[in-house]
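Q: Quick one: the structure is below, and I'll ask about it shortly.
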Amino acid sequence: MTVEKGKKLARTILDTSVNDKLTTDPKLDSGSQKRIGDQLRAMYDELMQQPVPDRFKELLDQLDKKNGGKGGSQ
Amino acid sequence: MTPEPEPELREALLAAVPSLRAFAISLSGQVDRADDLVQDTLLRALANLHRFEPGTNLNAWLFTILRNLFHSEYRKRRREVEDPDGSYAGRLKVQPEQGSHLDFEDFRSALANLPSDQREALLLVGASGFSYEEAAHICGCAVGTIKSRVNRARFRLASLLNVEDIEDLGPDSMTRAALQG
Numbered sequence: 001m002t003v004e005k006g007k008k009l010a011r012t013i014l015d016t017s018v019n020d021k022l023t024t025d026p027k028l029d030s031g032s033q034k035r036i037g038d039q040l041r042a043m044y045d046e047l048m049q050q051p052v053p054d055r056f057k058e059l060l061d062q063l064d065k066k067n068g069g070k071g072g073s074q
Numbered sequence: 075m076t077p078e079p080e081p082e083l084r085e086a087l088l089a090a091v092p093s094l095r096a097f098a099i100s101l102s103g104q105v106d107r108a109d110d111l112v113q114d115t116l117l118r119a120l121a122n123l124h125r126f127e128p129g130t131n132l133n134a135w136l137f138t139i140l141r142n143l144f145h146s147e148y149r150k151r152r153r154e155v156e157d158p159d160g161s162y163a164g165r166l167k168v169q170p171e172q173g174s175h176l177d178f179e180d181f182r183s184a185l186a187n188l189p190s191d192q193r194e195a196l197l198l199v200g201a202s203g204f205s206y207e208e209a210a211h212i213c214g215c216a217v218g219t220i221k222s223r224v225n226r227a228r229f230r231l232a233s234l235l236n237v238e239d240i241e242d243l244g245p246d247s248m249t250r251a252a253l254q255g
């Protein structure tokens, strides 16, 4: 019963995410493609350059401490 | 002998964090949620280190984990909320980063308008530097599917951003076209 529900849900999600009005694959001219790519990378680079939050350094620091022990199990 | 995490591994994981964050932020549209995703990804990676095949692409492996976490969480949320699409898209649009340039606002909201499978394919191939093959592996689908999604994503972004009808590119566009082959 719940499995059925899950399957149905999965199908629904699949359908909606694939449900795209464009049925053919349009092709962009290379100039536009370049512009899109440049903007995307510029936006992304800005995100990449943000400092790494301390929580990640701390998380990975715990690795080193556990190194002599049994490893991390929670 | 259980394999203990090496210092090099710690460095490698730490080095992967900026690109994981950029992907997670662009995917989810929320910095807080993205950071939670990255943290969960690291924890899961550490717990499953024995499954990682040395010599293969660590980043691709981490991206796969993050992507799967993102989707399972998204599915969970869809189950909980009746009409999540509107609010989700809305949240994606409103995420001015501290100190970020306004120039990216249009781009971000256009990106938020893409179906999530297209957005993710474009981010992997167009920004994260993965090959089509790697992206297909990360998303668990065929290479052709990734190519198609990336094409559609670019096309839709171009129409949302009105990139197409720009005609003042001049000789530069020809140079670009030539360079792009």
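Sequence lines, in order, name chains Y and U.
The first sequence lines up with residues 1 to 74 when you count with our numbering.
The second sequence lines up with residues 75 to 255 when you count with our numbering.
We put the CB at the ideal spot given by N, CA and C, even for glycine.
1. At 4 residues or longer, what runs of the alpha helix (DSSP H) sit wholly inside the stretch 166-227 of chain U?
2. In chain order, what residues of the same chain lie with their CB nearer than 7 Å to the CB of A209/U, ignoring the 5 residues before and after it?
3. As a quick exercise: from G218/U, N142/U, G103/U and A121/U, pick the residue whose alpha carbon is nearest that of L188/U.
4. Rounded to whole angstroms, what is the Cα-Cα separation between D38/Y and S233/U?
5. Would you say E147/U and L111/U are within 9 Å of each other, going by their C-beta atoms?
6. Which residue comes first and which comes last in the alpha helix (DSSP H) that contains E46/Y?
7. Against G200/U, what residues of chain Y qualify as contacts under a CB-to-CB distance less than 9 Å, listed in chain order?
8. Where does Q104/U sit, in a helix, a strand or coil, going by DSSP?
9. Do Q192/U and R223/U have their CB atoms nearer than 9 Å?
10. Apart from the five residues on each side of it in sequence, which residues of its chain come closer than 6 Å, Cβ to Cβ, to L132/U?
11. Within 10 angstroms of its Cβ, does K34/Y collect 16 or more other Cβ (buried), or is it exposed?
12. Helix or strand or just coil, what does DSSP make of K27/Y?
13. Would you list, in chain order, the members of the stretch 225-236 of chain U that have their beta-carbon closer than 8 Å to a beta-carbon of chain Y?
14. So, with DSSP's three-state summary, where would you put F126/U?
15. Mind listing which residues of the stretch 90-116 of chain U have their C-beta closer than 8 Å to chain Y's C-betas, in chain order?
16. Taking just the CA atoms, how far does S32/Y sit from H145/U?
17. Tell me the DSSP secondary structure of L83/U in three-state form.
18. Among A134/U, F229/U, L185/U and D106/U, which residue has its Cα nearest to the Cα of Y206/U?
19. Buried or exposed, going by whether 16 or more other CB atoms sit within 10 Å of the CB of H211/U?
20. Just to make sure I have the definition right: I need the residues of chain Y whose C-beta is within less than 7 Å of the C-beta of L136/U. Which are they?
21. Does any residue of chain Y have a CB that is nearer than 9 Å to the CB of L143/U?
22. Using the beta-carbon count (16 or more within 10 Å), is D45/Y buried or exposed?
23. Rounded to a whole number of angstroms, what is the C-alpha to C-alpha distance between K57/Y and F178/U?
A: With the given structure in hand:
1. 177-186, 190-196 and 206-213
2. A195, L198, V199 and I220
3. G103/U
4. 16 Å
5. yes
6. S30 to M48
7. I36, G37, L40, R41 and Y44
8. coil
9. yes
10. A86
11. buried
12. coil
13. N225, R226, R228, F229, R230, L231, A232 and L235
14. coil
15. V91, P92, S93, R95, A96, I99, S100, D109, V112, Q113 and L116
16. 30 Å
17. helix
18. A134/U
19. buried
20. Within chain Y, no residue comes near L136/U; the closest Cβ sits about 12 Å away, beyond 7 Å.
21. no
22. exposed
23. 29 Å
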